[in-house]
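To start, the structure itself, in structure tokens.
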Amino acid sequence: MTLLSVENLRRRYVSTGRDIVAVENATFSIAAGETLGIAGASGSGKSTMARLLLGLMPPDAGKITFEGQDWLSLKGKDLRRQRSRMQMVFQDVLGAFHPTATVGETIGDPIRVHRTVPKPQRTREIARLLERVGLSSDFAGRPVYELSGGQRQRVAIARAIATRPSLVVLDEAVSALDVQVRNRILELLVELQREENMSYLFISHDLAVLRAVSHRLAIMDAGRIVETGHTSDIIEQPQSAAGRALVAATLRLMPGGRQTNTIQQSEPTYDI
Ligand SMILES: Nc1ncnc2c1ncn2[C@@H]1O[C@H](COP(=O)(O)OP(=O)(O)O)[C@@H](O)[C@H]1O
Ligand SMILES: [Mg+2]
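Heads up, the sequence shown is in my numbering, so the first residue is 16 and it goes up one at a time.
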């Protein structure tokens with residue numbers, strides 16, 4: 016079942032008199048329970064795509080259908096309700112959260128806004144979410160700025176899943192973490208996805224990360240999606256110049272050629 020479909024999305028920026036087309040004619044879809052990886056060099060339009068999907072800015076043209084609804088024309092109560100179904104995890108958690116807020120406030124925020132759990136049960140729900148992401152419930156009282164990078168990303172994930180979304184958009188969510196912490200977070204995300212049947216739009220400049228979690232990949236280059244396909248097909252035989260450049264850059268970092276990642280995603284079973 017198609018969860019999200021994007022058709023001919025376009026967004027440009029006007030900056031110091033220059034016109035930058037950040038996203039041009041982008042079309043793709045994500046099935047329920049599927050992870051679509053978006054790979055692309057810096058400046059290729061990945062974060063703009065994330066912002067457009069999350070409604071943080073409007074597109075200049077195009078259509079977004081999410082859970083069968085015209086996502087761009089939703090308003091008021093319908094929009095508020097539907098918003099809780101799509102959540103995000105960004106790279107810079109400190110920038111996204113109030114730095115002096117406690118972990119409990121940070122995770123409780125979407126629960127309060129979307130009223131997903133009655134007030135008397137919120138503390139217990141926050142403890143449950145912390146445990147879901149591998150943190151003890153004692154973390155609830157600690158300020159976010161005291162946490163390590165990996166712990167902060169776990170809090171960001173707990174916050175994202177608090178409203179039981181069907182889609183989580185992750186923009187360079189593990190890029191700031193060292194490899195061991197990164198792999199543990201990727202494992203957590205894969206496990207949560209299986210348990211909650213969520214879809215992920217997983218954005219990264221790093222194909223090694225996307226290889227570990229994505230069923231399918233889309234390659235972005237200068238605002239356009241130049242290639243989509245099953246992850247293993249693209250990594251083994253990239254068709255676009257941008258895809259070939261990303262694969263070559265990934266292989267260069269791996270002595271002896273092929274990457275052996277600790278995380279293995281099961282074989283994709285989705286129709287393209
Ligand atoms: N707020 C902005 N104002 C002007 N140009 C921007 C803005 N945000 C991004 N851009 C430009 O749009 C293009 C795509 O950026 P971005 O979506 O951040 O790419 P990525 O996430 O792949 O690095 C780049 O050329 C970038 O410089
Ligand atoms: Mg970006």
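All residues carry an ideal CB built from backbone N, CA and C; glycine is no exception.
Query	Result
By C-beta, the residues closer than 6 Å to any heavy atom of ligand 1, given in chain order	Y28, S30, I35, A37, G55, S57, G58, S59, G60, K61, S62 and T63
Same chain, Cβ closer than 6 Å to F154, five either side skipped, listed in chain order	V118 and L145
Alpha-carbon spacing of F81 relative to L94, whole angstroms	11 Å
Rounded Cβ spacing between V228 and G52 (contact assumed at less than 8 Å)	7 Å
Outcome for T284 when other beta-carbon atoms lying within 10 angstroms are tallied against a minimum of 16	Bear in mind that a pLDDT of 41 at T284, under 50, signals an unreliable position, so the number given afterwards is only what the model happens to contain. Result: exposed.
Any non-hydrogen atom of ligand 2 closer than 7 Å to E82 Cβ	no
Endpoints, the beta strand (DSSP E) within which E12 is located	Within the shown structure, residues of the chain are numbered from 16 to 287, placing residue 12 beyond reach of any answer.
Candidates A41, I172 and G48, of which the one nearest G60 by Cα	A41
L232, buried or exposed, once every other Cβ within 10 Å from all chains shown has been counted against 16	buried
Cβ neighbour criterion (16 or more within 10 Å) applied to M72	exposed
8 Å contact criterion, which S30 and D186 should meet: CB distance rounded	Actually they are not in contact, since the Cβ atoms of S30 and D186 sit about 20 Å apart, beyond 8 Å.
Proximity of L222 and V196 at Cβ, strictly below 8 Å	no
Contacts around V132, its chain only, beta-carbon distance under 8 Å, and the 5 residues preceding and following it disregarded	I126 and E140
Sequence ranges, beta strand (DSSP E) only - wholly within the stretch 110-147, length at least 3	none
Closest residue to V205 among L225, I122 and P158 (Cα-Cα distance)	L225
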